[in-house]
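Novice: In the working numbering, the protein residues as written are 11 to 150.
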């Protein structure tokens with residue numbers, strides 16, 4: 011075989027292999043487990059309140075903020091358009107995702123009430139950053 015044919019075959023194999031690698035890496039970006047194999051990430055709790063139309067002082071136990079099971083999207087602070095992870099908080103409002111160190115913004119909820127403000131989070135090289143996402147129920 012001539013050298014040109016061998017170089018051509020090698021180039022095709024590299025392109026195909028690189029494409030498979032990029033696609034598999036993109037799958038990790040959208041997987042609920044997060045971006046692996048980092049030993050760091052975000053652990054959060056999504057809460058909604060108020061849950062009663064009139065807030066009393068002292069607060070009534072039955073009117074305390076409640077956990078919220080909802081959609082959670084995590085973005086790099088430098089790119090608030092493309093989510094690096096999309097997952098759901100559980101019925102206790104908890105979620106956890108593995109991420110590389112960096113600055114992130116966590117969004118929760120949907121386009122309707124309750125409204126959840128974006129919450130910043132800084133992930134270090136080891137361990138998980140704990141955050142609280144406080145959503146407004148709209149009850150007044």
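For glycine and all other residues, C-beta sits at the position ideal for the given N, C-alpha and C.
Note down the Cα distance separating residue 78 from residue 47, rounded to an integer number of angstroms.
Specialist: One-based indexing of the chain shown puts residue 78 at position 68. One-based indexing of the chain shown puts residue 47 at position 37. If you take the alpha carbons of residue 78 and residue 47, they lie about 28 Å apart.
Novice: Taking just the CA atoms, how far does residue 130 sit from residue 31?
Specialist: Translated into the one-based positions of the chain shown, residue 31 becomes position 21. Translated into the one-based positions of the chain shown, residue 130 becomes position 120. In this prediction, residue 31 scores a pLDDT of 37, lower than 50, which makes its location untrustworthy; no coordinate-derived value is stated.
Novice: Is DSSP giving residue 98 helix, strand or coil here?
Specialist: Here residue 98 is taken as the residue at index 88 of the chain shown, counted from 1. Of the three classes helix, strand and coil, the one that applies to residue 98 here is strand, per DSSP.
Novice: Span of the beta strand (DSSP E) holding residue 146?
Specialist: For the purposes of this step, residue 146 is taken as the residue at position 136 of the chain shown. Note, residue 146: beta strand (DSSP E), 137-146.
Novice: Below 8 Å, how does it come out for the stretch 112-126 and the stretch 82-99: are there three or more Cβ pairs, yes or no?
Specialist: Yes, they touch.
Novice: Using the DSSP secondary-structure output, state which residues sit across from residue 117 in a beta bridge.
Specialist: Mapped onto the chain shown, residue 117 falls at position 107. Its beta-bridge partners are 83.
Novice: So which of 138, 137, 119 has the shortest CA-CA distance to residue 146?
Specialist: Along the chain shown, read from residue 1 onward, the residue named residue 146 stands at position 136. Among 138, 137, 119, the Cα nearest to that of residue 146 belongs to 119.
Novice: Pull the bridge partners of residue 106 from the DSSP assignment, please.
Specialist: For this step, residue 106 is matched to residue 96 along the chain shown. Bridge partners of residue 106: 53.
Novice: Tell me residue 66's beta-bridge partners as DSSP assigns them.
Specialist: Residue 66 sits at position 56 when you count from the first residue of the chain shown. DSSP lists no partner for residue 66.
Novice: Can you name, in chain order, every residue of its own chain whose Cβ lies under 7 Å from the Cβ of residue 93, other than the five neighbours on each side?
Specialist: Here residue 93 refers to the residue found at position 83 of the chain shown. Excluding positions up to five away in sequence, the list reads 83, 84, 85.
Novice: Going by DSSP, which residues form a beta bridge with residue 93?
Specialist: Start at 1 with the first residue of the chain shown, and residue 93 comes out as number 83. According to DSSP, residue 93 bridges with 85.
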